[in-house]
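Everything in the sequence shown is counted per this note's numbering, starting at 9 for the first residue and increasing by one.
Notes follow once the structure below has been shown.
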Amino acid sequence: MPSRRSPRSLASFVQVYSGFLLCIIGIVLSLYAFHVETKKETDQEYTALCDISDRISCSKVFTSKYGRGFGLVTPILGEQSFLNVPNSIYGLIFYSLQMYLCTVHTKNGTLFQLLTSVISLGGCAYLAFILYFVLEDACIVCISTYIVNILLFLINVWKWSLVSGAKRKSD
Numbered sequence: 009m010p011s012r013r014s015p016r017s018l019a020s021f022v023q024v025y026s027g028f029l030l031c032i033i034g035i036v037l038s039l040y041a042f043h044v045e046t047k048k049e050t051d052q053e054y055t056a057l058c059d060i061s062d063r064i065s066c067s068k069v070f071t072s073k074y075g076r077g078f079g080l081v082t083p084i085l086g087e088q089s090f091l092n093v094p095n096s097i098y099g100l101i102f103y104s105l106q107m108y109l110c111t112v113h114t115k116n117g118t119l120f121q122l123l124t125s126v127i128s129l130g131g132c133a134y135l136a137f138i139l140y141f142v143l144e145d146a147c148i149v150c151i152s153t154y155i156v157n158i159l160l161f162l163i164n165v166w167k168w169s170l171v172s173g174a175k176r177k178s179d
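Below you can see the structure in the form of structure tokens.
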């Protein structure tokens, strides 16, 4: 007879796997963004699948000055800084870290996961502002990563409530 999961363990199971799924989606989006940027740098005639029109173009965004180091590294640290990499590299690091942290169920690990998720939302707000008001563009890949980051944040809040609730009950 199959064992039944308690509501708390079922919630934890759903939370872990939904977090994993979102991280995989984020990694795929980041890899695609990296591919588009590097392909466009070597071939100006390249048209990405996400380049739908002049105002809906991911390659326009990825190859802009805001597509590397969030547009902040070059003016502060210079163009040759090791931090002046495509934003998609930061995305790959973030989603890989989040994926690992999905397996960590300690209070400190979960707090770190939640804090990095909050930082990603700050980055999303900044980049969304740049996208809409400065570049006047709609980047489907960018907007998709914003959605993934918002959902990941909500999952991390849920995980925090599970972990901190379990710790309080065990005290």
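From the three backbone atoms N, C-alpha and C, an ideal C-beta is built for every residue, glycine too.
So what's residue i in DSSP terms, helix, strand or just coil?
i, result
"S20", "helix"
"S152", "helix"
"S61", "coil"
"S89", "coil"
"L143", "coil"
"Y54", "coil"
"M9", "Reliability fails at M9, whose pLDDT of 47 lies under 50, so the model's placement of it is uncertain and no value is given."
"C110", "coil"
From what residue to what residue does the alpha helix (DSSP H) around residue i run?
i, result
"P83", "81 to 85"
"F2", "The shown model of the chain, from 9 to 179, leaves out residue 2, and the question about it has no answer."
"V69", "66 to 70"
Across which residues does DSSP place residue i in a beta bridge pair?
i, result
"R76", "P94"
Roughly how many angstroms separate the alpha carbons of residue i and residue j, rounded to a whole number?
i, j, result
"L18", "P94", "38 Å"
"V126", "F137", "17 Å"
"V44", "S67", "6 Å"
"D145", "S65", "7 Å"
"W168", "F161", "10 Å"
"T55", "L139", "19 Å"
"S38", "C150", "9 Å"
"G130", "V156", "14 Å"
"Y108", "T71", "30 Å"
"G173", "D62", "49 Å"
"V142", "L80", "14 Å"
"L159", "K48", "30 Å"
"Y25", "C147", "27 Å"
"Y74", "C31", "23 Å"
Residue i and residue j look like a contact to me (Cβ under 8 Å); what is the Cβ gap, rounded to whole Å?
i, j, result
"Y134", "F78", "7 Å"
"S96", "A41", "4 Å"
"C110", "F28", "5 Å"
"T124", "V171", "The pair is not a contact, with the Cβ atoms about 15 Å apart (cut-off 8 Å)."
"Q106", "Q121", "7 Å"
Measuring from the CB of residue i, is there a heavy atom of the ligand GDP at a distance below 6 Å?
i, result
"W166", "Of the ligands one can find in the structure shown there are none, so the ligand GDP has no counterpart to examine."
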